[in-house]
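Numbering (full-length UniProt numbering), first residue to last: 1 to 617.
Structure representation (structure tokens):
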């Protein structure tokens with residue numbers, strides 16, 4: 001029996017290790033993949049490491065992450081250690097109150113802390129950037145240091161400091177020569193925890209950063225919007241560095257300490273001072289970078305939604321600096337804008353543009369300053385969300401449709417059933433639904449013959465019941481941008497996708513087709529707008545005009561894969577790069593197609609509640 005228990009214990013350990021480390025191993029292997037696929041290894045290549053080295057955005061993000069982590073660690077460790085020592089000498093009531101307050105940031109959800117800090121900085125009128133990120137990291141790291149150091153302080157003899165001073169030591173010497181060495185394990189543990197928390201943080205950093213300052217977490221998150229194996233290369237390098245640090249700390253450092261234990265303390269202090277000074281110099285250098293150039297244009301766009309080489313070209317052409325930031329969703333963009341964050345040019349979607357116009361966040365465009373507007377397709381202009389294009393200049397456009405495997409899904413079924421094919425049990429378990437409240441309800445409403453902008457609660461309830469039936473009978477997988485690689489690999493027969501993603505997927509897997517049902521779909525438009533608080537109005541118009549240039553528009557749509565609103569780029573992509581893949585082009589001749597309109601809070605809340613129930617299974 002004992003032998004059997006030993007075998008089971010070893011097997012359990014092996015399974016646990018495999019569970020934790022297999023994903024890391026897979027990431028490292030696919031960092032050497034010659035293709036973009038994240039599921040099929042097509043050959044060994046260092047391609048993604050080369051792209052990583054040449055990616056200046058990632059280089060800047062690494063710089064920000066490392067320097068913020070070092071500074072936040074040093075400052076929070078000093079603050080946390082002093083606070084822990086002070087608490088040990090405080091009255092019980094004060095001690096318990098401070099410790100209780102100290103637990104709030106630890107127990108509080110990160111998103112609440114992030115919103116709170118964002119509002120605090122906005123109310124103080126602080127420009128979001130490196131300093132606000134650093135202050136936020138110090139704020140959430142310090143409680144962890146206090147939690148690590150305080151138990152060590154409590155275990156000390158309270159008379160140690162007095163005894164040292166009785167022997168002639170000054171209070172400073174008693175602290176540095178007696179107290180600190182006795183609690184150094186707690187201090188090191190707190191410092192390591194602070195560094196890890198800072199280096200790894202995403203949620204808080206996302207809300208308190210600005211002015212083009214992004215750490216690794218923000219950049220990686222934005223890169224996940226499309227297939228980008230550069231993330232694997234970056235992850236592999238981070239893993240290797242961590243392994244080397246651990247080997248050094250556990251194998252080499254103990255030997256060095258054993259041979260030079262008495263000589264290390266002064267050196268450690270000097271090393272910390274040098275590292276801190278170097279970090280401060282780097283920080284000052286970073287702050288000055290943003291102010292370079294005669295003019296600074298702040299652009300806010302969706303992640304992976306622009307050819308970044310165009311930004312360099314624009315900067316050189318107009319002798320300016322472009323601070324380019326990205327958002328996850330229109331709602332996230334609105335939250336930062338409403339919090340007081342200032343931008344010059346935004347690229348929101350149709351329904352959000354309508355909202356921003358209603359709430360007076362935008363200023364009217366001066367079309368005389370945008371001569372390249374003559375290049376725009378007539379089909380993308382004068383839409384309901386902005387009649388006459390008074391406030392917006394079209395950027396990309398497309399539809400939502402069904403991506404399907406032509407060898408599995410019958411064209412006859414598509415034509416006959418339309419959106420209802422997503423409830424056809426013939427394809428049960430072979431379906432990806434886009435994990436989007438708006439698009440999922442759009443599909444259900446169109447399948448039932450209703451407008452996707454309905455305000456009728458009975459129709460909304462019927463759409464909810466349609467989605468529940470689909471969920472219970474079809475076993476769909478609600479997927480995000482990971483659907484791209486899964487459909488390229490042929491993992492499912494059907495998926496709901498945006499037309500721009502469909503164009504890229506089909507170019508990688510010709511066995512797939514794209515279909516927009518005759519019941520109608522969402523024809524969406526993203527557009528460039530200028531905020532009411534824009535500081536560089538003329539430069540903002542120059543940027544919009546620059547993006548409408550024939551050559552620049554083609555470069556942009558080739559990089560992103562979505563349908564251009566510029567005539568020449570539209571025709572070139574249709575007849576050139578994506579020749580033969582005409583179905584991804586928006587079907588504008590269907591009168592049942594609609595554009596999402598602005599939803600009143602009550603209706604929006606109703607959709608959100610019902611979508612939560614759909615996803616609750």
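Beta carbons are placed, not taken as given, at the ideal position from N, Cα and C, and that holds for glycine.
Since this is a predicted model, take the numbers as computed values, not measurements.
Exposed unless 16 or more other CB atoms sit within 10 angstroms - verdict on residue i
{"i": "residue 72", "result": "buried"}
{"i": "residue 191", "result": "buried"}
{"i": "residue 354", "result": "buried"}
{"i": "residue 565", "result": "buried"}
{"i": "residue 605", "result": "exposed"}
{"i": "residue 248", "result": "exposed"}
{"i": "residue 124", "result": "exposed"}
{"i": "residue 150", "result": "buried"}
{"i": "residue 458", "result": "exposed"}
{"i": "residue 476", "result": "buried"}
{"i": "residue 600", "result": "exposed"}
{"i": "residue 58", "result": "buried"}
{"i": "residue 386", "result": "buried"}
{"i": "residue 18", "result": "exposed"}
{"i": "residue 619", "result": "With the chain covering 1 to 617 only, the question about residue 619 has no answer from this structure."}
{"i": "residue 16", "result": "exposed"}
{"i": "residue 9", "result": "exposed"}
Host beta strand (DSSP E) of residue i (start-end)
{"i": "residue 169", "result": "Element bounds for residue 169: n/a, residue is neither H nor E."}
Per DSSP, cross-strand counterpart(s) of residue i
{"i": "residue 405", "result": "512"}
{"i": "residue 479", "result": "434"}
{"i": "residue 485", "result": "Its beta-bridge partners do not exist; DSSP assigns none."}
{"i": "residue 662", "result": "The question about residue 662 has no answer here: the residues shown for the chain are numbered 1 through 617."}
{"i": "residue 396", "result": "526 and 564"}
{"i": "residue 322", "result": "297"}
{"i": "residue 113", "result": "The partner list for residue 113 (beta bridge, DSSP) is empty, contrary to what the question assumes."}
{"i": "residue 363", "result": "530"}
{"i": "residue 376", "result": "566"}
{"i": "residue 346", "result": "300 and 529"}
{"i": "residue 33", "result": "44"}
{"i": "residue 327", "result": "302"}
{"i": "residue 594", "result": "522"}
Cβ pair residue i, residue j closer than 8 Å
{"i": "residue 121", "j": "residue 132", "result": "yes"}
{"i": "residue 208", "j": "residue 128", "result": "yes"}
{"i": "residue 670", "j": "residue 394", "result": "The structure shown does not extend to residue 670, since the chain is modelled only from 1 through 617, so no value can be given for it."}
{"i": "residue 345", "j": "residue 204", "result": "no"}
{"i": "residue 596", "j": "residue 438", "result": "yes"}
{"i": "residue 517", "j": "residue 611", "result": "no"}
{"i": "residue 31", "j": "residue 42", "result": "no"}
{"i": "residue 542", "j": "residue 473", "result": "no"}
{"i": "residue 572", "j": "residue 554", "result": "yes"}
{"i": "residue 607", "j": "residue 441", "result": "yes"}
{"i": "residue 563", "j": "residue 397", "result": "yes"}
{"i": "residue 324", "j": "residue 212", "result": "yes"}
{"i": "residue 233", "j": "residue 48", "result": "yes"}
{"i": "residue 451", "j": "residue 445", "result": "yes"}
{"i": "residue 515", "j": "residue 484", "result": "no"}
{"i": "residue 189", "j": "residue 148", "result": "yes"}
{"i": "residue 639", "j": "residue 559", "result": "Nothing in the structure corresponds to residue 639, since the chain is present only between 1 and 617."}
For residue i, the first and last residue of its enclosing alpha helix (DSSP H)
{"i": "residue 330", "result": "330-338"}
{"i": "residue 70", "result": "56-88"}
{"i": "residue 195", "result": "184-200"}
{"i": "residue 474", "result": "457-474"}
{"i": "residue 351", "result": "350-358"}
{"i": "residue 106", "result": "92-107"}
{"i": "residue 560", "result": "550-560"}
{"i": "residue 139", "result": "130-154"}
{"i": "residue 495", "result": "Note, residue 495: premise wrong, no alpha helix (DSSP H); beta strand (DSSP E) at 494-498."}
{"i": "residue 452", "result": "It is not in any alpha helix (DSSP H) - residue 452 carries neither H nor E in the DSSP assignment."}
{"i": "residue 601", "result": "601-615"}
{"i": "residue 251", "result": "Taken as a continuous stretch (DSSP letters only), residue 251 belongs to no alpha helix (DSSP H), as it is neither H nor E."}
{"i": "residue 220", "result": "216-223"}
{"i": "residue 203", "result": "203-208"}
{"i": "residue 545", "result": "537-547"}
{"i": "residue 417", "result": "411-417"}
When you compare the segment 309-320 with the segment 500-517, are there three or more beta-carbon pairs, one atom per stretch, that lie closer than 8 Å?
No, because fewer than three Cβ pairs between the segment 309-320 and the segment 500-517 fall closer than 8 Å, the two stretches do not touch.
Are the segment 459-468 and the segment 522-537 in contact at 8 Å, needing three or more beta carbon pairs?
The answer is no - the segment 522-537 does not touch the segment 459-468, with fewer than three Cβ pairs under 8 Å.
Count Cβ pairs between the segment 299-311 and the segment 328-344 that sit closer than 8 Å; are there 3 or more?
The segment 299-311 is in contact with the segment 328-344.
Count the CB pairs spanning the segment 44-64 and the segment 15-33 that are closer than 8 Å, and state whether there are at least three.
Taking 8 Å as the limit for Cβ pairs, the verdict is that the segment 15-33 does touch the segment 44-64.
Stretch pair the segment 168-185 + the segment 139-157: three plus CB contacts closer than 8 Å
Using a C-beta cut-off of 8 Å, the segment 168-185 makes contact with the segment 139-157, since at least three inter-stretch Cβ pairs fall below that distance.
Using 8 Å as the threshold, is the segment 401-417 in touch with the segment 489-501, meaning 3 or more CB pairs across them?
Under the Cβ criterion (8 Å, minimum of three pairs), the segment 401-417 counts as touching the segment 489-501.
Do the segment 137-149 and the segment 347-361 touch if we need at least three Cβ pairs shorter than 8 Å?
Judged by Cβ distances under 8 Å, the segment 137-149 makes no contact with the segment 347-361, as fewer than three pairs qualify.
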